[in-house]
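Under our numbering, the first residue of the sequence shown is numbered 160, with each subsequent residue one higher.
Glycine included, C-beta positions come from ideal geometry on N, C-alpha and C.
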Amino acid sequence: MNEVRREKLQRVLNKRQFNITVVMENVHDPHNISAVMRTCDAVGIQEIYILNSTIPEHKKFGAKSSSSAAKWLTIHSFSDTAECIAALRKKYTKIYTTHLADNATQLYNLDFTDSIALVFGNEHAGVSEEIRSLADGNFIIPQVGIIQSLNISVACAVTIYEAFRQKSLAHQYEQPNPAFEQDRQSVAQTWELNHENNSE
Numbered sequence: 160m161n162e163v164r165r166e167k168l169q170r171v172l173n174k175r176q177f178n179i180t181v182v183m184e185n186v187h188d189p190h191n192i193s194a195v196m197r198t199c200d201a202v203g204i205q206e207i208y209i210l211n212s213t214i215p216e217h218k219k220f221g222a223k224s225s226s227s228a229a230k231w232l233t234i235h236s237f238s239d240t241a242e243c244i245a246a247l248r249k250k251y252t253k254i255y256t257t258h259l260a261d262n263a264t265q266l267y268n269l270d271f272t273d274s275i276a277l278v279f280g281n282e283h284a285g286v287s288e289e290i291r292s293l294a295d296g297n298f299i300i301p302q303v304g305i306i307q308s309l310n311i312s313v314a315c316a317v318t319i320y321e322a323f324r325q326k327s328l329a330h331q332y333e334q335p336n337p338a339f340e341q342d343r344q345s346v347a348q349t350w351e352l353n354h355e356n357n358s359e
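Shown next as structure tokens:
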């Protein structure tokens, strides 16, 4: 890896946000998953959780494509809901689901500067009742149209760009958080290894 490439990756890594993650529950279309990954990469979200408890595990997300974000992200795959939630609880303070409910809060009321995991459900049924019962709350994206739903990749993009806005105002992209130095080193090693493998 040449020095220019290494410096670029370091600049990107310094802006990675290790206190926010996206969870995709039983999302059927791998194109939706890839779209979410690209948006997460764009706003500096490093970790993605993919839970397939009712559908088969996806074989790939287009990681071989030069435009794919999958090779730059840390992807955790689960087939058991309880195990996935337990893993999230070890790293994130709050878990919120996207679900239209009486107790749902608006997206803009969430504090994205805190440690948070955001769960998005599949294209047909949304977030499962099981995960909703284990989460800390629900949020909705304000809408005034007739169809009160958005494609998962669009909903995720709207949500995490609000997170990007809040985090930017809180200056969380300006300096790497020292609390996540070990995470950054781990990612740096993975990126270096991936680069070496792709160069062979």
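If only complete runs of 3 or more residues are kept, the segment 253 to 308 shows the beta strand (DSSP E) at 253 to 257, 275 to 279, 296 to 299, in order along the chain. In terms of Cβ geometry, Glu216 and Ser238 form a close pair [threshold 8 Å].
DSSP, read as helix, strand or coil, puts Ser312 in helix.
Sequence-distant Cβ neighbours of Arg291 in its own chain, meaning closer than 7 Å and more than five residues away, are Thr256, His258, Asn297. In the DSSP assignment, Val182 falls within the unbroken beta strand (DSSP E) covering 179 to 184.
Where Leu210 is concerned, the enclosing beta strand (DSSP E) starts and stops at 206 to 210. Taking Gln341 as reference, the option from Glu166, Phe177, Arg164 with the minimal CA-CA separation is Phe177. Taking a cut-off of 8 Å on C-beta distances, the segment 277 to 291 does not touch the segment 160 to 176, as fewer than three cross pairs fall below it.
Assigned with DSSP and collapsed to three states, Ile214 falls in coil, not helix or strand. Annotation for Trp231: Asp200 place their beta carbon closer than 6 Å to its own, counting only its chain and skipping 5 residues before and after. An exposed status is given to Tyr267, since fewer than 16 other beta-carbon atoms sit within 10 Å of its beta-carbon. Burial is judged here by how many other beta carbons sit within 10 angstroms of a residue's own beta carbon; Ile204 has at least 16 and is buried. One Cα belongs to Asn191, the other to Thr264, and the distance between them is close to 25 Å. The three-state reading of DSSP puts Gln341 in helix, counting H, G and I together. Between the alpha carbons of Lys174 and His330 lies a gap of roughly 11 Å. Relative to the Cα of Asn310, the nearest Cα in the group Ile319, Phe279, Tyr208 belongs to Phe279. The continuous beta strand (DSSP E) containing His235 extends over residues 233 to 237.
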